[in-house]
Each structure stands twice: as C-alpha cells, then as structure tokens.
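**Q** For the sequence shown, numbering that gives the first Met the number 0 begins at 0 and goes up steadily by one.
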Amino acid sequence: MLSFRPTFFVLLLSALLLGSCTGYQKLLKSGDVNKKYEAAVQYYDKGDFFKAGTLLEDLIPLLKGRPEAEKAQFYFANTNYRQRNYVLSAYYFRSFADTYPNSQYAEEANFLHAKSLFRDSPEFELDQTNTYSALESIQDFLNRYPSSQFRPEAENMSQELQKKLENKAFQSAKLYYNIRYYQSAVTAFTSFQQQYPSSSFNEEAAFLKLSAQYDLARESVPEKQRERYLEVLSFYQNFIDNYPQSRNLKAAENMYSTSREEIAKIKPADTAAK
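#1: Counting only the same chain and skipping the five closest in sequence on each side, list residues whose C-beta sits under 8 Å from that of Leu-61.
#2: Where does the unbroken alpha helix (DSSP H) through Glu-124 begin, and where does it stop?
#3: From Glu-67 to Gln-138, what distance separates their C-alpha atoms?
#4: What is the rounded straight-line gap between the Cα of Gln-170 and the Cα of Ser-29?
#5: Only counting runs of 3 or more residues, tell me where the beta strand (DSSP E) segments fall wholly within the region 70–126, in order along the chain.
#6: Excluding five sequence neighbours on each side, which residues of the same chain lie with their C-beta closer than 8 Å to the C-beta of Ser-190?
#7: Along the chain, where does the alpha helix (DSSP H) containing Lys-266 start, and where does it finish?
#8: For Leu-209 versus Ala-263, is the C-beta spacing smaller than 8 Å?
#9: Going along the chain, which residues of its own chain have a beta-carbon closer than 6 Å to the beta-carbon of Phe-123, five neighbours each way excluded?
#10: With distances taken from CA atoms, which of Leu-27, Gln-41, Asn-101, Ser-115 is nearest Phe-92?
#11: How many angstroms separate the CA atom of Arg-217 from the CA atom of Gln-224?
#12: Quick one: measure Cβ to Cβ for Phe-73 and Ala-108, integer angstroms, because I've assumed they're closer than 8 Å.
#13: Between Phe-95 and Phe-149, which are expected to be in contact by the criterion C-beta below 8 Å, what is the C-beta distance as a whole number of angstroms?
#14: Nearest CA to the CA of Leu-54: which residue from Lys-34, Ser-198, Ala-184?
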C-alpha cells in the first residue's frame with residue numbers, strides 16, 4: 000500500500016490543478032461581468048497578475064461607464080508592470096492618468112508610468128532615446144507632485160539615469176580617442192567637461208583630451224603643428240591646475256616638454272595657416 004502513496008498524491012495534485020485551470024478557463028469564457036471582475040480582483044490580490052491581467056483585459060471594454068472601470072484599468076496597467084511588460088505598462092498608466100486625472104490612483108499611475116520608462120531604459124551602450132523620455136516623465140511627475148511619497152524614489156531614478164547618460168557621453172568621447180579620431184575626441188571631451196562639470200570621469204577626460212590634442216599635433220601637417228602644440232600647452236596647464244596629484248602627471252609633463260621642444264623647432268615660415 001505504501002508504494003502507491005506517491006502516485007496517489009501526484010494524481011490528487013493533478014486533479015486540483017486541472018480543476019483550478021478548468022475554473023479559470025470557464026471564467027474566460029463567462030459572460031458574467033460581475034463574477035469575472037470579482038475573480039480578477041481576487042487573482043490580483045493573490046499576486047497572480049497573469050490571470051488577473053487576462054481577465055481584466057477582457058473586462059475593460061465591458062465596464063465602461065461603471066464605477067469598477069477606474070480600478071480595473073489601474074489594476075490592468077499594474078499587472079503589465081508586475082509582469083515586466085514595461086512598454087505596455089507605460090502606455091496603460093499614461094492612458095489611465097489621462098482618463099482619470101482626479102482619481103485616487105492618479106498620482107501612483109503617473110509615478111508608475113515614469114518608473115515603467117525607467118525600467119525600459121537600455122544599457123548605456125545602446126541608443127538612449129528611451130532614457131531621455133524617462134527623465135522627462137520623472138521631472139514631470141516631480142513638478143506635478145512635489146510632496147509625493149514617491150518623490151525620493153523618483154529622484155533616485157533620475158540620478159541613476161543621469162549617471163547613465165554621463166557614462167554614455169564619456170565612453171563615446173573615449174571611443175573617438177581609441178580609434179584615433181583625435182580632433183573629434185578633443186571636441187567630445189570638451190563638451191563632456193562642460194556638460195558634466197562635477198563628473199567623477201573629469202580627471203581622465205582632461206588627461207585624454209590633452210593626450211588627444213598632443214597626438215593630433217604630432218600627426219598634423221607642418222602648417223598646423225605650431226597652433227596645435229600651443230593647445231597642448233594650454234590643456235596641460237588646465238590639467239595640472241585641477242589635478243596636481245594625478246597619477247598621469249608624469250605622462251602629462253612629458254607631453255608638455257615635447258610640445259615646447261617641437262614649437263621651438265618650427266620656423267616662422269612654417270606657422271602660416273594651411
């Protein structure tokens with residue numbers, strides 16, 4: 000008899016699951032709106048967001064004009080968020096906020112719209128269009144609800160996205176340097192320093208900008224070398240003023256010394272612009 004017990008429990012569990020699935024399938028096919036809505040809310044409260052979302056999606060068109068419609072739409076948007084369908088949840092939370100601007104759920108819907116976009120923001124190597132959209136939505140939320148309970152989290156999300164864009168800008172400038180597009184690298188590092196004056200990357204950006212200008216001067220035609228070496232001297236001075244203890248100080252000093260020597264070698268006739 001004991002050997003049959005595992006089989007018995009497997010069969011019992013299968014029967015329970017089958018009964019549960021059968022009940023859910025009946026609900027999907029049911030035309031009883033009230034029963035379907037009550038079941039959707041129960042599934043939602045239990046954390047079964049797939050079943051809740053499926054039922055609510057069917058119900059929403061049928062609940063128009065009824066008091067349950069507001070809650071159903073908010074719950075449906077949230078079932079998408081909880082299942083990590085962030086593009087859909089962003090869309091449905093925005094739709095809800097536009098439809099029910101005075102709802103008790105409006106503040107949370109606006110926040111979760113922004114948070115959905117935040118979650119959908121890609122890694123820094125990829126196109127950051129979605130990141131800019133998320134930042135815009137977060138700022139709109141902060142402006143609309145300055146005393147919101149969600150404000151600290153929204154501010155943290157904004158800072159995280161700003162860091163991502165900062166990293167993107169620095170790595171893009173560094174890429175120009177690595178592939179030897181030195182003039183583009185100098186321009187990109189200058190833009191980075193202006194846009195992110197407090198960045199933790201600024202010391203490295205200042206050194207790479209100096210190095211890029213030095214390599215640009217070395218590879219330039221004679222007519223342009225003097226002007227470009229003079230820029231090296233200017234970048235060097237800025238670098239040591241701001242980072243006198245830098246681990247790259249020796250390399251910077253070597254570029255400075257070599258640039259001065261090269262300037263001294265250039266005859267006045269060679270300084271004419273090309």
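Glycine residues also receive a C-beta, built at the ideal position from the N, C-alpha and C atoms.
**A** Let me spell this out:
#1: Here residue 61 refers to the residue found at position 62 of the sequence shown. If we look at Leu-61 and ignore the five residues flanking it on each side, its Cβ neighbours are Val-32.
#2: Against the sequence shown, residue 124 aligns to sequence position 125. Looking at the DSSP string, Glu-124 is not in any alpha helix (DSSP H), and its letter there is neither H nor E.
#3: Position 68 of the sequence shown, counting from 1, holds the residue named residue 67. Position 139 of the sequence shown, counting from 1, holds the residue named residue 138. Computed Cα separation, rounded: 31 Å.
#4: If you number the sequence shown from 1, residue 170 lands on position 171. If you number the sequence shown from 1, residue 29 lands on position 30. Each residue's CA atom was taken as its position, placing Gln-170 and Ser-29 some 56 Å apart.
#5: none
#6: Here residue 190 refers to the residue found at position 191 when the sequence shown is read from its first residue. Same-chain partners within the cutoff: Ala-168, Ala-172.
#7: If you number the sequence shown from 1, residue 266 lands on position 267. Neither: Lys-266 is in no alpha helix (DSSP H) and is coded neither H nor E.
#8: For the purposes of this step, residue 209 is identified with residue 210 of the sequence shown, where counting begins at 1. For the purposes of this step, residue 263 is identified with residue 264 of the sequence shown, where counting begins at 1. The answer is no: Cβ separation not under 8 Å.
#9: For this step, residue 123 is matched to residue 124 along the sequence shown. Counting only Cβ-Cβ distances below 6 Å, and skipping sequence neighbours, we find Lys-163, Asn-166, Lys-167.
#10: Residue numbering aside, residue 92 sits at position 93 when the sequence shown is read from its first letter. The option with the nearest alpha carbon to Phe-92 is Ser-115.
#11: Here the question's residue 217 lines up with position 218 in the sequence shown. Here the question's residue 224 lines up with position 225 in the sequence shown. Their backbone Cα atoms lie some 7 Å apart in a straight line.
#12: As a first step, residue 73 is located in the sequence shown; it is residue number 74 there, counting from the start. As a first step, residue 108 is located in the sequence shown; it is residue number 109 there, counting from the start. The Cβ separation is near 6 Å, so the contact holds.
#13: As a first step, residue 95 must be located in the sequence shown, where it is residue number 96. As a first step, residue 149 must be located in the sequence shown, where it is residue number 150. 16 Å between Cβ atoms; not a contact.
#14: Residue 54 sits at position 55 when you count from the first residue of the sequence shown. Ranking the options by Cα distance to Leu-54, first place goes to Lys-34.
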